[in-house]
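Chemist: Before anything else, here's the structure in question.
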């Protein structure tokens, strides 16, 4: 519903392998922790983005997207819906190629703004579910 045909495959296979995971901390009980592990197993470089700026899965963390000193291809968003639009706007500002709102993260206005800015966008989906489906 919140991804045009082929967009999921295009993001996963064609946008690049550096994924900033917003909301990722060292808390192993959080969904972001497990999803980041799956992304790594499928060859993606994960970049933890969390106010604590913790190292997670061996990768240096940053407090915000704008603190990351290298290009980010995909911004994977694990924050509540009311905060997701600001993250999407920051993804546009840093020059990301795509934004991915996780399951339950829905902001239709942010979805439209992000797409209008030229970024690929998926909402209310999980790459840890979608990657294995691609074969």
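Residue numbers (the numbering used here): 761 to 895.
C-beta: ideal position from N, C-alpha, C; glycine also.
1) According to the Cβ coordinates, are residue 786 and residue 816 closer than 8 Å?
2) Can you tell me which residues form a DSSP beta bridge with residue 837?
3) Express the C-alpha separation of residue 814 and residue 875 in angstroms, rounding to a whole number.
4) Pull up the CB-CB distance for residue 859 and residue 879, whole angstroms please, since I reckon it's below 8 Å.
5) Compare the beta carbon distance of residue 836 and residue 779 with 8 Å and say whether it is the shorter of the two.
6) Can you give the Cα-Cα distance for residue 719 and residue 882, rounded to whole angstroms?
7) Exposed or buried, what is residue 831 when buried is set at 16 or more other beta-carbons lying within 10 Å of its beta-carbon?
8) Let me check understanding here. Comparing Cα to Cα, which of 803, 825 and 877 lies closest to residue 850?
Modeler: If we stick to the structure as given:
1) Residue 786 is a Cβ neighbour of residue 816, given a cutoff of 8 Å.
2) BP columns for residue 837 point to 782 and 861.
3) Looking at the two C-alpha atoms, the distance is approximately 30 Å.
4) Indeed, because the Cβ distance is near 6 Å, the residues count as touching under 8 Å.
5) In this structure, residue 779 lies closer than 8 Å to residue 836 by Cβ.
6) The structure shown does not extend to residue 719, since the chain is modelled only from 761 to 895, so the question has no answer here.
7) That one is exposed.
8) Of 803, 825 and 877, the residue nearest in Cα terms is 825.
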